[in-house]
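These notes are about the structure you will find just below.
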Amino acid sequence: MVKFGQTVSFKRIIINYLLKLRLPADLQLLKYVMSFLNTIFCMYSRLFTPLDLGFTQLKNRVLMGSMHTNLEEAPNGFKRLASFYGLRAQGDVGLIVTGGISPNLEGRLAPNRALMSDQSAVKKHALICDAVHSEGGKVCMQILHAGRYAYQKQIVAPSAIQSTIIPLTPKALTFEEVEKQINDFVNTAILAQDAGYDGVEIMGSEGYLINQFIAQATNQRDDKWGGSYNQRIQFAIEIVKRIRQRVGENFILIYRLSAIDLIKGGSSLNEVIILAQAIEKAGATIINTGIGWHESRVPTIASMVPPGAFASISEKIKNNVTIPTVASNRINTPELAESVLENNWADMVSMARPLLADSHFVAKAKQKKPESINTCIACNQACLDHIFENKIASCLVNPFAVHEDERALVKTNSPQHIAVIGAGPAGMSFALYAAQRGHKVHLYEKSSRIGGQFNLAKEIPGKSDFNHTLRYFEYQLSKHNIAISLDTNVNSQDLSAFDHIVVATGSAPHSPKIAGITHPKVVSYHDVLTGAAEVGTNVAIIGAGGIGFDVAEFLTHDQSFDQIKEFADTWGIDLSLQTNGGLKPQNRSTPTRKIYMLQRKIRKPGASLGKTTGWIHRTSLKEKNVSMLSGVSYDKIDDEGLHINIRKKPRLLPVDTIVVCAGQVKNNKLVNICKETYPNANIHTIGGANNAEKLDAQKAIEDALHLALAL
Ligand code: FAD
Ligand code: NAP
Ligand code: SF4
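Numbers in this note's numbering are just positions in the sequence shown, counted from 1, shifted up by 459.
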């Protein structure tokens, strides 16, 4: 009989063989082969091996990473959080970790942020515990003290040193106040136990208070909590030790340890190992891996971080402790999670946003149906960016996330016949939601594939995860028996059989009124991204919005075969951890093209991009010598290039190609045609066809959901 380890390597050999044959060109065939291989070679067997913690067992190796949702502070928020976490427990997550809860007033990230410092918070937290336990799950509460990352008056830190991301100087804690912080951590852990949690996670990474004690740059104390590395880690050790003493042995204690600080003067590998061993000795049950401080100028979770880029870091901890360890960051598929375990990099895998994107990620993997998973595309648009905008978090690809109580797809009592025209994000989502409600749906698409503009987005370097969304819809539309007519440009079709016609025909590129706009050197972003247009070496991009930035990234990117190496070299990350903080000099390739990106507004380019990703795009393009010009007015385009004015000073950009990325206009011609042809039909517009201004995929999918809920 073939043993477990052998089956996996046999599978690997077959996959390698197929890759050599260049079968990926035939994705359909590869899909069948993979699904066959997965079925016969016990798919994800490591992911679904229970983890024995001695006093308790976790049913699988998936830890749902901590995410703040803003429900923690919303009216009725804990009832809604109970539904949110309960659903993830129903979806078979092995161990859930809640968003960070502060142990005291000074530890809050902002004045209104949730804390647990006395019995008054226990009852509402019990709602979460009950919901998770009733689904057979396990849940730990994260205790987070912001330290100098607090955006509130009571901000404290080991030393009075301001961070680069908060415009407030913290007060240095006195010796007695340090004692108080430790005792408050302990108090909160006891309260969490009272609430019914299975354990707590101590947030010791991402640059929060505990990290601030550990790093020399932020801890310049001369008492027993400062000085040598061994003294600076005592704060962390004392918290774990005292919590363990008070909660007893049968309570999970996860410590989130900063394995790679990604800041100057951060910990060395040797120091990380010393800390991990001390934390184990102090009584931790599990060590979770933290990657980077919030003030680090290195992307750690955004879409340009290659999947699994940081996963191997956890191995350095795992090899030096005996308790289970958890790998983290940009692990978004069960295949990747399984390979992390197979490589022995960690004993568990943390996924946070992937469980926003699909509450039943784990259950679907267990059922060996990875193609049915709604995969997180790491856009941050509806989760992290919402948090920064003080909105309730959700998910771009799953608008039900964190809205489980208000957004259920209830079966309709009066099924309707619905024609949907256009299979972009709006049309696909509407078709799926309407079919899930019991309506009979026919989806028409003029091109040969579903996906609309996502077929362009997926070509952008760092956005290949958009392919997952297309795969997800392909699977779900077929599963829900939605009739699809591709290559069907709806104009004269007979739609009289339908009760409702949903126009989801998207938007068209806006062509600005500039003299010479029809010059042969002017091309559309569509033609650039599909390869239909040739692009020269000197390029001007008109428009510095989301698409302008994406096109600039596309035109300055050289293909690399080792994405993780290229990412690490570009951003100066020492994944081998031979340097303090894991930073090394950046090594960026020089693009062959000279790019100018222009906007009329005087504000900084890319101001409309997401708070958590805009800085990455700006840095990336600046490093590639892209000239970003604001306050531009366009004079004309001719053989010489693009003539512009910047603050009334004329300038010629001697470019050979001009790419227009100047926004979009709605493509809704069909609405009037349908109204005239079918006066009795109900006609609706969604997505770009409804409003192309400020439209993105999140808005398109939200539009689709609202209409599907209303019919
Ligand atoms: P579309 O995606 O335009 O889909 C409309 C569909 O209707 C098309 O498939 C079209 O072929 C079809 N159609 C049109 N007319 C007819 C007809 N007469 N008959 C049949 N079918 C018809 N948004 C984000 O939120 N985040 C991002 O990171 C992001 N990145 C992007 C990157 C690029 C390069 C581009 C181009 C866009 C990006 N977007 C992003 C924007 C996002 O893709 C759009 O907002 C979204 O696709 C709009 O969805 P929609 O369904 O309204 O329209
Ligand atoms: P956009 O973000 O609104 O940007 C349009 C750009 O065109 C602006 O820079 C604007 O700047 C310029 N412009 C507008 N009218 C113009 C005119 N008449 N002449 C010259 N320039 C003009 O729109 P988009 O880039 O087309 O993107 C479409 C949607 O997709 C947006 O909602 C965007 O957020 C979304 N998207 C998001 C991402 C992402 O990563 N999150 C990526 C791609 C797309 P001035 O008016 O100052 O000139
Ligand atoms: Fe992932 Fe984007 Fe959803 Fe956030 S909004 S969970 S990053 S897909």
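Where is the CB? At the ideal position from N, CA and C, for every residue including glycine.
Strictly closer than 6 Å from CB to any heavy atom of the ligand SF4: give me those residues in the order they appear in the chain.
R812, L815, A816, C835, I836, A837, C838, N839, Q840, A841, C842, C854, L855 and V856
Between L936, L1042, L554 and S1089, which lies nearest to R1059 when the distance is taken from Cα to Cα?
By one-based count along the sequence shown, residue 1059 stands at place 600. It is S1089.
Given S525 as reference, the closest of Q690, E532, D643 and N788 once Cα atoms are compared
Taking the first residue of the sequence shown as position 1, residue 525 is located at position 66. The shortest Cα separation from S525 among Q690, E532, D643 and N788 belongs to N788.
Taking its Cβ as the centre, do 16 or more other Cβ atoms sit within 10 Å of P858, making it buried, or is it exposed?
Within the sequence shown, numbered from 1, the residue matching residue 858 stands at position 399. Result: buried.
Under 8 Å between C-beta atoms of L522 and N747
As a position in the sequence shown, residue 522 is number 63, starting the count at 1. As a position in the sequence shown, residue 747 is number 288, starting the count at 1. Yes, the Cβ-Cβ distance between L522 and N747 is below 8 Å.
Run through DSSP, which three-state label would T784 get?
Here residue 784 refers to the residue found at position 325 of the sequence shown. Residue state, collapsed to three classes: strand.
Ordered along the chain, which non-local residues of its own chain (more than five positions away) have a Cβ less than 8 Å from that of S798?
Counted from its first residue, the sequence shown places residue 798 at position 339. Within the same chain, S798 has close Cβ partners G767.
Looking only at its own chain, which residues have a Cβ that is under 6 Å from the Cβ of N563, when we skip the five neighbours before and after it?
Position 104 of the sequence shown, counted from the first residue, corresponds to residue 563. Result list for N563: S576 and D643, in chain order.
In terms of DSSP beta bridges, what is L510 paired with?
Residue 510 sits at position 51 when you count from the first residue of the sequence shown. Beta-bridge pairing links L510 to L517.
For L1111, count the other beta carbons within 10 Å of its own beta carbon; 16 or more makes it buried, fewer makes it exposed. Which is it?
For the purposes of this step, residue 1111 is identified with residue 652 of the sequence shown, where counting begins at 1. Looking at its Cβ environment, which holds fewer than 16 other Cβ atoms inside 10 Å, L1111 is exposed.
Helix, strand or coil: which one does DSSP assign to V757?
Stepping through the sequence shown from its first residue, residue 757 is reached at position 298. Three-state result, V757: coil.
Using DSSP with H/G/I as helix, E/B as strand and the rest coil, what is T1051?
In the sequence shown, counting from the first residue as 1, residue 1051 sits at position 592. Looking at T1051 - three-state DSSP - the assignment turns out to be coil, as it is neither helix nor strand.
When you measure from the CB of H1016 to every non-hydrogen atom of the ligand NAP, does any distance come out below 7 Å?
Stepping through the sequence shown from its first residue, residue 1016 is reached at position 557. False, no ligand heavy atom lies under 7 Å from that Cβ.
Since F1141 sits in a beta bridge, which residues does DSSP pair it with?
Residue 1141 sits at position 682 when you count from the first residue of the sequence shown. Correcting the residue type first, residue 1141 is Asn in the shown sequence and not Phe. Bridge partners of N1141: H959.
Cβ neighbour criterion (16 or more within 10 Å) applied to I1105
On the sequence shown, residue 1105 is found 646 positions in, with the first residue counted as 1. It is exposed - the Cβ of I1105 has fewer than 16 other Cβ atoms within 10 Å.
Evaluate N729 with the Cβ neighbour count: other Cβ atoms within 10 Å of its Cβ, from every protein chain shown; 16 or more gives buried, anything less gives exposed.
Looking up residue 729 in the sequence shown gives position 270. By the 10 Å Cβ count, N729 comes out exposed.
Quick one: what's L1112 bridged to in DSSP?
Taking the first residue of the sequence shown as 1, we reach residue 1112 at position 653. Answer by DSSP bridge pairing, in chain order: L1101.
For A597, I'd like the list of residues in its chain whose CB is within less than 6 Å of its CB, leaving aside the five on either flank, ordered along the chain.
Along the sequence shown, read from residue 1 onward, the residue named residue 597 stands at position 138. A small fix is needed here, since residue 597 is Lys in this sequence, not Ala. These residues qualify, in order along the chain: L554 and D657.
Let's see if you can read the secondary structure: which residues bound the alpha helix (DSSP H) around P793?
The residue labelled residue 793 in the question sits at position 334 within the sequence shown. Start and end: P793 to E801.
T977 versus Q675: straight-line alpha-carbon distance, rounded:
Translated into the one-based positions of the sequence shown, residue 977 becomes position 518. Translated into the one-based positions of the sequence shown, residue 675 becomes position 216. Roughly 60 Å separates the two Cα atoms.
Using only CA atoms, which one of P534, A569 and G1147 lies nearest to T964?
Walking along the sequence shown from the start, residue 964 turns up at place 505. It is G1147.
Which same chain residues, not among the five before or five after A737, have their C-beta less than 7 Å away from its C-beta?
One-based indexing of the sequence shown puts residue 737 at position 278. These residues qualify, in order along the chain: I692 and I696.
Quick check: is any heavy atom of the ligand NAP less than 7 Å from the C-beta of L915?
Counting from 1 along the sequence shown, the entry for residue 915 is found at position 456. False, no ligand heavy atom lies under 7 Å from that Cβ.
Would you mind sorting L945 into buried or exposed? The rule is 16 or more other CB atoms within 10 Å of its CB.
Looking up residue 945 in the sequence shown gives position 486. Under this definition L945 is an exposed residue.
Which value, in whole angstroms, describes the spacing of the CA atoms of A648 and F710?
Counting from one through the sequence shown, the residue named residue 648 turns up at place 189. Counting from one through the sequence shown, the residue named residue 710 turns up at place 251. Rounded to the nearest angstrom, the two C-alpha atoms are 10 Å apart.
Cutoff 6 Å; reference K518; Cβ partners in own chain excluding five residues on either side:
On the sequence shown, position 59 is the one that residue 518 refers to. These residues qualify, in order along the chain: P509 and G553.
For A796 and D817, I'd like the C-alpha separation in whole angstroms.
As a first step, residue 796 is located in the sequence shown; it is residue number 337 there, counting from the start. As a first step, residue 817 is located in the sequence shown; it is residue number 358 there, counting from the start. So the two alpha carbons sit approximately 15 Å from each other.
Comparing the CB of P562 with every heavy atom of the ligand FAD, is any distance shorter than 7 Å?
Walking along the sequence shown from the start, residue 562 turns up at place 103. Because no heavy atom of the ligand FAD lies under 7 Å away, the Cβ of P562 does not count as near it: no.
May I ask which residues mark the beginning and end of the beta strand (DSSP E) holding E660?
The residue labelled residue 660 in the question sits at position 201 within the sequence shown. Where E660 is concerned, the enclosing beta strand (DSSP E) stretches over G658 to G663.
Quick check: the Cα distance between K1008 and H1076, rounded to an integer number of angstroms?
If you number the sequence shown from 1, residue 1008 lands on position 549. If you number the sequence shown from 1, residue 1076 lands on position 617. First, the residue type needs correcting, since residue 1008 is Phe and not Lys in the sequence shown. For F1008 and H1076, the distance between alpha carbons rounds to 7 Å.
Among all the DSSP beta bridges, which residues are the ones paired with E968?
Counting from one through the sequence shown, the residue named residue 968 turns up at place 509. Correcting the residue type first, residue 968 is Pro in the shown sequence and not Glu. Note: P968 sits in a beta bridge opposite Q1123.
Buried or exposed for P629, going by 16 or more other Cβ atoms inside 10 Å?
On the sequence shown, residue 629 is found 170 positions in, with the first residue counted as 1. With 16 or more other Cβ atoms within 10 Å, it is buried.
Quick one: give me the first and last residue of the beta strand (DSSP E) that M1087 is part of.
As a working note, residue 1087 is residue 628 in the sequence shown. Run containing M1087: S1086 to L1088, per the beta strand (DSSP E) assignment.
Per DSSP, which one or two residues make a beta bridge with R715?
Mapped onto the sequence shown, residue 715 falls at position 256. Answer is M662 and N747, bridged to R715.
Quick check on the burial criterion: 16 or more other C-beta atoms within 10 angstroms. Buried or exposed for R607?
As a first step, residue 607 must be located in the sequence shown, where it is residue number 148. Burial call: buried.
Sufficient close CB pairs (3 or more, under 8 Å) joining the segment 1049-1064 to the segment 971-990
no
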